[in-house]
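Heads up: the sequence shown begins at 1 in UniProt numbering, then just goes up one per residue. Even for Gly, the Cβ is constructed at its ideal location relative to N, Cα and C. Predicted model, so just to flag it, every value in this text is computed and none were measured.
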Amino acid sequence: MLGFHTASAIRAAEEATGDLLTGGVLMRRASAGLASVVIAELLARRGAVYGARVGLVVGSGDNGGDALYAGARLVRRGVSVVAVALDRDRAHESGSRAFTAAGGRWVSTMPSDVDLVVDGVVGLGGSGPLRPVAAGVFAGVRAPIVAVDLPSGVDADTGEIHTPAVHAAVTVTFGARRRAHVLASSQCGRVVCVDIGIDPGAAGLVALSDSDIAREWPVPGPVDDKYTQGVVGVIAGSDRYPGAAVLCSGAAVAATSGMVRYVGSAAEQVVARRPEIVAAPDLDAAGRVQAWVVGPGAGTDDAAEDLLRRILAADVPVLVDADGLTVVARHPEWLTGRDAPTLLTPHAGEFARLAGHEVGADRVSAVSDLAARLEVTVLLKGRVTLVSDAAGPVIANDAGSSWAATAGAGDVLSGIAGALLASGLAPRVAAAAAARVHADAARLAAHGSDPTGHGAPIGASDLLAAVPAAIRDIRSAGSGHDR
Ligand SMILES: NC(=O)C1=CN([C@@H]2O[C@H](COP(=O)(O)OP(=O)(O)OC[C@H]3O[C@@H](n4cnc5c(N)ncnc54)[C@H](OP(=O)(O)O)[C@@H]3O)[C@@H](O)[C@H]2O)[C@@H](O)CC1
Ligand SMILES: [K+]
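Right, here's the structure in full:
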């Protein structure tokens, strides 16, 4: 599990080192790490370090100090380094001296022929967008950018990407990852964390590793049968949206080896596509389940409302998605009164209906607040999906691509997560593991047999078809061998 920390937690950890901070040891370690990453980048991009050209953009704080000390090291390795200071009088004093003494040159505009640019404008002390002078410098930059700590213009805690902000190819951070490194991952590029000997403690935002997910993913054991692995009931689809039923129940079949029941008007289409699904015309005829998935394409009329009320009165885990979320937004008391766990899986629009306000820039707080208020687990969809049950740390899943942004993909996600709930996984783990496999399946489907080549747009059916391959991949990666 990877942790992502707030700026205040990082600052507190730096302060706790006492002399190491005040004596500049932390900054020396940070800049040494930064310089080695720049050297590795130069080697990878142009095959040599000697004769390379690097430009620094230097702000008024310690972030600029990191850049200047690293610049001095690079000069000593034979790199031609120039620095543009946003305000020469306020540039880090000892860093400036070290840079000049090593042979670094100060310039007023960034040359167009640099191989790499180092963004040392702001790090933890930054707020808001790049100011005009900095924005002007970066406007002319075509070279790849290595950001010091954070791409300037990106909020360290919320990951809000202001306009303008630096778009980095690589971000080098120090001691521990900041929240923005996962929340704004697309702006950070590859993130390298340099060890500088600080300990910020437990993180309030985490990401699960492959092995975390591989360990949890339910597969049949020697004494399992279809019932012991959990039966999931899917209430989805309608005359108007039968496809939601097919996608959601199909995903539930793909996610685990347990049994899938279906209740709704799309039984014929569901069973035609997946004959192993046991369909029933109504709830009374459905049989027992270990978890319900309710809502995708299921409508919001009185009948849908009555069905959801009855499902939420049952003492089993329930996942509510899509139309079901519109209904529970009208009846939050149906959620707060439950003993069994509830998992809600809103996109931003559904979140706003549930919360009574937009998600806003601080997605982590938004998802935790809603989970606490409704006494549920919330999975907030997005390129970076967030899961909170208000008790443990928020779990982020960075999809790494947006191929899953397609109609019906949400129905597949709820089917996967519902099957995992039925298998007995805690809602936060079921939600996070489902988000990961869903994102991986989208990527696999988009890229076909060549993972390094260009992807092509996919539909939700393609994503669903790639779910078994995504599960196989993550189990192999997480356990070191397939079973
Ligand atoms: N402490 C340590 O030992 C270690 C620290 N480390 C490093 O220190 C960094 C934190 O340094 P820091 O605290 O000096 O803040 P920093 O991010 O450089 O900002 C400075 C000033 O910039 C300004 N400013 C704000 N927003 C702006 C904007 N949008 N656009 C332009 N300017 C803006 C604002 O000043 P203002 O102009 O408002 O007076 C602000 O005060 C940290 O990220 C890491 O890199 C590492 O070496 C590890 C060891
Ligand atoms: K920066």
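Subject >> Own chain partners of VAL146 with C-beta closer than 8 angstroms, once the 5 adjacent residues on each side are dropped >> reply: If you number the sequence shown from 1, residue 146 lands on position 146. Taken in chain order, the residues that qualify are LEU34, VAL37, VAL38, GLU41, LEU116, VAL117, VAL118, ASP119, ALA168, ALA169, VAL170, THR171 and VAL172.
**OP:** Report the partner residues of residue 485 according to the DSSP bridge assignment.
**Re:** Limits of the chain in this structure are 1 at one end and 483 at the other, which puts residue 485 out of reach.
Original post:
Which residues bound the alpha helix (DSSP H) around residue 543?
Top reply: The structure shown does not extend to residue 543, since the chain is modelled only from 1 to 483, so the question has no answer here.
**OP:** May I ask you to check if the CB of LEU421 is nearer than 8 angstroms to at least one heavy atom of ligand 2?
**Re:** Here residue 421 corresponds to residue number 421 of the sequence shown, with the count starting at 1. Checking the Cβ of LEU421 against ligand 2 gives no.
**OP:** Please check the pair GLY153 and PRO129, which I expect to be a contact at CB under 8 angstroms, by giving their CB distance rounded to whole angstroms.
**Re:** In the sequence shown, counting from the first residue as 1, residue 153 sits at position 153. In the sequence shown, counting from the first residue as 1, residue 129 sits at position 129. GLY153 to PRO129, Cβ: 5 angstroms. Contact.
Subject >> Delimiting residues of the beta strand (DSSP E) encompassing SER388 >> reply: Indexing the sequence shown from 1 puts residue 388 at position 388. Segment 384–388, the beta strand (DSSP E) holding SER388.
Original post:
When we look at the beta-carbon of MET110 and count the other beta-carbons within 10 Å, is it buried (16 or more) or exposed?
Top reply: Here the question's residue 110 lines up with position 110 in the sequence shown. The residue in question, MET110, is buried, as its Cβ has 16 or more Cβ neighbours within 10 Å.
Original post:
From the DSSP output, which residues share a beta bridge with VAL359?
Top reply: Taking the first residue of the sequence shown as position 1, residue 359 is located at position 359. None; VAL359 has no bridge partner.
Original post:
Quick one: is HIS481 buried, meaning 16 or more other Cβ sit within 10 Å of its Cβ, or exposed?
Top reply: On the sequence shown, position 481 is the one that residue 481 refers to. Residue placement at HIS481 cannot be trusted, given a pLDDT of 46 that sits under 50; what the coordinates show is reported in the next sentence. A residue is called buried once 16 or more other Cβ atoms fall within 10 Å of its Cβ, and HIS481, having fewer, is exposed.
Original post:
In three-state DSSP terms, what is THR171?
Top reply: As a first step, residue 171 is located in the sequence shown; it is residue number 171 there, counting from the start. In this structure, THR171 counts as strand in the three-state DSSP scheme.
Original post:
Between PRO164 and HIS357, what straight-line distance do the alpha-carbon atoms span, to the nearest angstrom?
Top reply: Within the sequence shown, residue 164 is the residue found at index 164, counting from 1. Within the sequence shown, residue 357 is the residue found at index 357, counting from 1. Each residue's alpha carbon lies about 26 angstroms from the other.
**OP:** Give the C-beta separation of GLY410 and HIS331 to the nearest angstrom, bearing in mind that I take them to be a contact with Cβ-Cβ under 8 angstroms.
**Re:** As a working mapping, residue 410 is identified with position 410 in the sequence shown. As a working mapping, residue 331 is identified with position 331 in the sequence shown. Not really, about 21 angstroms apart at Cβ, beyond 8 angstroms.
Subject >> Own chain residues within Cβ distance below 6 angstroms of ALA176, not counting five before or after >> reply: Residue numbering aside, residue 176 sits at position 176 when the sequence shown is read from its first letter. For ALA176, where only same-chain residues beyond five positions count, the Cβ hits under 6 angstroms are HIS5 and PRO200.
Subject >> Enclosing beta strand (DSSP E) for TRP292 [first to last residue] >> reply: In the sequence shown, the residue the question calls residue 292 occupies position 292. TRP292 -> beta strand (DSSP E) spans 291–294.
Original post:
In terms of DSSP beta bridges, what is ASN397 paired with?
Top reply: The residue labelled residue 397 in the question sits at position 397 within the sequence shown. In DSSP, ASN397 forms a bridge with THR385.
Original post:
From which residue to which residue does the beta strand (DSSP E) around ASP19 run?
Top reply: Position 19 of the sequence shown, counted from the first residue, corresponds to residue 19. Unbroken run through ASP19 is the alpha helix (DSSP H), 19–22; no beta strand (DSSP E).
**OP:** Identify the continuous alpha helix (DSSP H) that holds VAL246 and give its terminal residues.
**Re:** As a working mapping, residue 246 is identified with position 246 in the sequence shown. Note, VAL246: alpha helix (DSSP H), 242–255.
Original post:
Smallest Cα separation from TRP106: which of LEU56, ALA422 and ASP149?
Top reply: By 1-based counting over the sequence shown, the position of residue 106 is 106. The residue with the shortest Cα to Cα distance from TRP106 is LEU56.
Original post:
DSSP three-state call for HIS347: helix, strand or coil?
Top reply: Counting from one through the sequence shown, the residue named residue 347 turns up at place 347. Coil.
Original post:
Regarding ALA134 and ligand 1, is the C-beta to nearest heavy atom distance less than 8 angstroms?
Top reply: The sequence position of residue 134 within the sequence shown is 134, counting from 1. Checking every heavy atom of ligand 1 against the Cβ of ALA134, one is found closer than 8 angstroms.
Subject >> Backbone secondary structure at THR158 - three-state DSSP >> reply: Position 158 of the sequence shown holds residue 158. THR158 falls in the coil class under three-state DSSP.
Original post:
LEU319 and GLY418 look like a contact to me (Cβ under 8 angstroms); what is the Cβ gap, rounded to whole Å?
Top reply: Your numbering for residue 319 matches position 319 in the sequence shown. Your numbering for residue 418 matches position 418 in the sequence shown. Right, the Cβ-Cβ distance comes to about 5 angstroms (below 8 angstroms), so this counts as a contact.
Subject >> Distance, ALA340 Cα to ALA430 Cα >> reply: Residue 430 sits at position 430 when you count from the first residue of the sequence shown. Residue 340 sits at position 340 when you count from the first residue of the sequence shown. For ALA430 and ALA340, the distance between alpha carbons rounds to 15 angstroms.
Original post:
Just reading off the beta strand (DSSP E) that residue 530 is part of, what are its end residues?
Top reply: The structure shown has nothing for residue 530, since the chain only spans 1 to 483.
Original post:
TYR227: buried (16+ other C-beta within 10 angstroms of its C-beta) or exposed?
Top reply: The sequence position of residue 227 within the sequence shown is 227, counting from 1. Per the 10 Å Cβ criterion, exposed.
**OP:** On a CA-only basis, which of GLU15, THR300, GLY23 and LEU205 is nearest SER368? Give me that one, please.
**Re:** Stepping through the sequence shown from its first residue, residue 368 is reached at position 368. Ranking the options by Cα distance to SER368, first place goes to LEU205.
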